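Take a look at the structure set out below.
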Amino acid sequence: MQDIKKIAEEKRTVSPPIYLRDAAHIKDYDRTYQRSVSDPESFWGEVASKFIWEERWDKVLQFAPPKHRWFAGGKTNITINALDRHIVGQRRNKVALLWTSERGQEVVVTYDRLLRRVCQVANALASAGVQKGDRVVICLPNSVEAIYSMLACARLGAIHVVLSTAMGRQLLRSRIEDARPKVVFYADVTYFEGKVIPLKGVVQDALRGCDSVEKIVVVRRQEPKVELFSSREVDFQDFISGQPQWINPCIVDADHPLFILYTSGTTGKPKGLVHVHGGYMVGAAYLTRVFYDIQDSDIFWNATDISWVVGHTNIVYGPLLNGATVFFREGSLILPDPNAAWKIIERHGINVLSITPGRLKTLMGYRSGPGMDARLDAYDLSTLRLVSLTGEPVSPEVYSWAKEFVAGKNGFVVDSWWQTELASPVIGSLLSYDSRLQRVGKPLPGVLADVVDDSGKSLPPNTPGKLILRRPIPCMVNTVWGSDERYKKYWDEVPGAFSCGDNAFRDEDGYYAVLGRTDDAITVGGYRITVAEVEAIMKAHPYVEEVAAITIADAIMGKRVRMCVVLKQGFAPSGHLSSLLYDHIQYELGRIATPGQIVFCEAIPKTSENKVDREALKAQVLSKE
Numbered sequence: 117m118q119d120i121k122k123i124a125e126e127k128r129t130v131s132p133p134i135y136l137r138d139a140a141h142i143k144d145y146d147r148t149y150q151r152s153v154s155d156p157e158s159f160w161g162e163v164a165s166k167f168i169w170e171e172r173w174d175k176v177l178q179f180a181p182p183k184h185r186w187f188a189g190g191k192t193n194i195t196i197n198a199l200d201r202h203i204v205g206q207r208r209n210k211v212a213l214l215w216t217s218e219r220g221q222e223v224v225v226t227y228d229r230l231l232r233r234v235c236q237v238a239n240a241l242a243s244a245g246v247q248k249g250d251r252v253v254i255c256l257p258n259s260v261e262a263i264y265s266m267l268a269c270a271r272l273g274a275i276h277v278v279l280s281t282a283m284g285r286q287l288l289r290s291r292i293e294d295a296r297p298k299v300v301f302y303a304d305v306t307y308f309e310g311k312v313i314p315l316k317g318v319v320q321d322a323l324r325g326c327d328s329v330e331k332i333v334v335v336r337r338q339e340p341k342v343e344l345f346s347s348r349e350v351d352f353q354d355f356i357s358g359q360p361q362w363i364n365p366c367i368v369d370a371d372h373p374l375f376i377l378y379t380s381g382t383t384g385k386p387k388g389l390v391h392v393h394g395g396y397m398v399g400a401a402y403l404t405r406v407f408y409d410i411q412d413s414d415i416f417w418n419a420t421d422i423s424w425v426v427g428h429t430n431i432v433y434g435p436l437l438n439g440a441t442v443f444f445r446e447g448s449l450i451l452p453d454p455n456a457a458w459k460i461i462e463r464h465g466i467n468v469l470s471i472t473p474g475r476l477k478t479l480m481g482y483r484s485g486p487g488m489d490a491r492l493d494a495y496d497l498s499t500l501r502l503v504s505l506t507g508e509p510v511s512p513e514v515y516s517w518a519k520e521f522v523a524g525k526n527g528f529v530v531d532s533w534w535q536t537e538l539a540s541p542v543i544g545s546l547l548s549y550d551s552r553l554q555r556v557g558k559p560l561p562g563v564l565a566d567v568v569d570d571s572g573k574s575l576p577p578n579t580p581g582k583l584i585l586r587r588p589i590p591c592m593v594n595t596v597w598g599s600d601e602r603y604k605k606y607w608d609e610v611p612g613a614f615s616c617g618d619n620a621f622r623d624e625d626g627y628y629a630v631l632g633r634t635d636d637a638i639t640v641g642g643y644r645i646t647v648a649e650v651e652a653i654m655k656a657h658p659y660v661e662e663v664a665a666i667t668i669a670d671a672i673m674g675k676r677v678r679m680c681v682v683l684k685q686g687f688a689p690s691g692h693l694s695s696l697l698y699d700h701i702q703y704e705l706g707r708i709a710t711p712g713q714i715v716f717c718e719a720i721p722k723t724s725e726n727k728v729d730r731e732a733l734k735a736q737v738l739s740k741e
């Protein structure tokens, strides 16, 4: 956990430019917030009424913990509001998607073209037997094909399950087995940091024995094209070729599942979080609109992966529901050269940039000496109105650099906190009030947050405790796929409230600081993994007797996992053996779980209850540096 005393003593504030404050969607935060929490049904009902519904809801919220049901009786389809309503309005020929890659490729897709492509993929899926409620796994890099596939599933009332291309065989397999998809999309390769990263072998291994899968759609990007070995496999272009460019949207109940996003459970078993059409549509659209202050003419760049919840909301649904233009990119931010990000902002006129502090630190790292920040002056970043940092704690150094050299005089830097369970920014700094350093901000309208002790009693200012939500929000997780009992645990820890799994404190002015997880989950570069998952895979290696994972602060990623390994008798530490263990982890779990370092130990310290003493182990490892 972070240095709480030092953070609490930080009282400096930063004011947004007056012209941004005056033009913001929310001009009076206190008034809007109080209205939203004093009469939430009226507030969210008013937000929902701005969308197209096939049938209007009977009641805005039915809430009896742990169950919450938003817009009961309402019927819609999220794609009507993300696509169709723009086509019949003035956005038909407006650019919806603007994609580039580190290899210099570029694709531009208008709203009209996007709807046509989505319908083609939806028709192809329907021809393959996909129906309402079926699951479809999408293991694709940031690409237009990924967005076509996601929206096509939504169009049919099918449930999309997007899995990161950085996952290894075991992570993919466990999630595929849990979701039991009818169709799987994957790419033969992805491109990252100048390398061609093959995906076909890992995905095929993960799919071995998965009998629910009837069709495998391969996006073949390499030349010569990879062979299709199975009768289940089909090329993406062949799959959609000749398909009609229109299909009626499947009208579904407001609480019909839209997507499943997997996060790591504390047991190591994957936890499939279910988000639904109506609630997610209303909550995600509103919270992204007011937090990022999205304007109709905006070009919104979210520099994260589409498989992450921030990618779902900030690359796909949030901007499209608000009629903005989405810029997204495959690959590194420092290729083809270290100035790639600044060239993108200048060339495309980016207005809003959402990025993790770790990625921003990477850009900061490409300063070779005093005065090198001045090279940003060579690029016109004046269109950049907002830089949003999310996914990891933000240091004052990173904030100050982003404010001075990236946002500059015309823009502003804001922090935010959200999680897969909540699917949108819920605590953050709005343009209608001053930001405070080392605070993520204040609860957004509609979000009734609190910091409590173990009994659920609210704590006084600057006292760390458990972060909870006293009341559900529309875009909150609806259940855990296949396990209502696992979902119920979110509401059991503090009866009647949703436990977020993070420690936090609220200061005397209402600003929140989020301090870290209360469980053994580790957030590395924006991805949440568990100690149990990593340890179980390493322990399965035939050379390993015992293993324990610890986290060490990392200047770029925020945290890095270090694996402390005790070898079986007859094996000695070596560089070769270390490489074998790295390869083992990367193949089974993928790049997102690869430890920053493997440390060979003679023994793992234990507590009196014979559990791993991680603090003692961390001290032992650090003492040898």
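Letter by letter, the sequence shown follows residues 117 to 741 of the working numbering.
Think of the CB as a built atom: it goes at the ideal place given N, C-alpha and C, for glycine as much as any other residue.
Fair warning: this is a prediction, and the values are worked out from it, not measured in the lab.
- If the five residues before and after T148 are omitted, its C-beta is found closer than 8 Å to the C-beta atoms of I142, P561, all from its own chain and listed in chain order.
- Secondary structure at Y396: helix, using DSSP grouped into helix, strand and coil.
- Note that the C-beta distance between Y145 and Y549 is below 8 Å.
- Segment contact: the segment 602-613 against the segment 165-185, three or more CB-CB distances shorter than 8 Å; contact assigned.
- When the five nearest sequence neighbours on each side are left out, the beta carbons in the same chain lying within less than 7 Å of the beta carbon of D174 are those of A188, G189, in order along the chain.
- Of the candidates R219, Q713, T723, R219 places its Cα closest to the Cα of L451.
- K459 sits in a helix when the DSSP states are folded into three classes.
- One thing to note: V682 has its Cβ within 8 Å of the Cβ of E718.
- In the displayed model, E222 falls within a strand according to three-state DSSP.
- Contact between the segment 334-341 and the segment 278-285 is absent: fewer than 3 CB-CB pairs across the two stretches fall below 8 Å.
- In terms of CA proximity to V318, G706 leads the group P721, G706, D729.
- L374 is a Cβ neighbour of Y396, given a cutoff of 8 Å.
- Three or more Cβ pairs closer than 8 Å define a contact, and the segment 317-335 meets that threshold against the segment 243-261.
- Around the CB of V223, fewer than 16 other CB atoms lie within 10 Å, so the residue is classed as exposed.
- Counting along the chain, R289 sits inside the alpha helix (DSSP H) bounded by residues 285-295.
- Put simply, of E661, I666, T667 the residue whose alpha carbon is nearest the alpha carbon of P689 is E661.
- A distance of 8 Å or more separates the beta carbons of P314 and V300.
- Exclusion of the five residues before and after V368 leaves K191, T192, N193, K248, G273, H393 as the residues of its chain whose Cβ lies within less than 8 Å of its Cβ.
- Look at P156 here: in three-state DSSP terms it is helix.
- The Cβ neighbour count for I134, taken over all protein chains shown within 10 Å, is under 16; the residue is labelled exposed.
- With respect to the 8 Å criterion, V442 and L136 are not classified as neighbours on the basis of their beta carbons.
- For T129, same chain residues with a beta-carbon under 7 Å away, outside a window of 5 residues either side, are D550, S551, R552 in chain order.
- By the neighbour-count criterion, in which a residue is buried when 16 or more other Cβ atoms sit within 10 angstroms of its Cβ, Q554 is buried.
- With fewer than 16 other Cβ atoms from the protein chains shown falling within 10 Å of its own Cβ, L696 counts as exposed.
- L553 carries a coil assignment under DSSP once its states are collapsed to helix, strand and coil.
- Each residue's CA atom was taken as its position, placing L389 and V563 some 20 Å apart.
- DSSP places G617 in the strand class (E or B) of the three-state scheme.
- According to the DSSP assignment, H141 belongs to no alpha helix (DSSP H), since it is labelled neither H nor E.
- The C-beta distance from Y307 to E446 rounds to 6 Å, short enough to fall under 8 Å.
- It is roughly 24 Å from the alpha-carbon of E462 to the alpha-carbon of R207.
- The shortest CA-to-CA distance from F159 to any of I584, I714, I589 is the one to I589.
- Per DSSP, L696 is one residue of the alpha helix (DSSP H) stretching across 691-704.
- With distances taken between CA atoms, H372 lies nearest to R271 out of R271, G557, T723, I263.
- Per DSSP, P314 lies in no alpha helix (DSSP H) segment; the continuous beta strand (DSSP E) that holds it begins and ends at 311-314.
- The DSSP assignment places 211-217, 222-226 as complete runs of the beta strand (DSSP E) inside the segment 199-248, in order along the chain (cut-off: 3 residues).
- Listed in chain order, the beta strand (DSSP E) runs fully inside the segment 512-553 are 528-533, counting runs of at least 3 residues.
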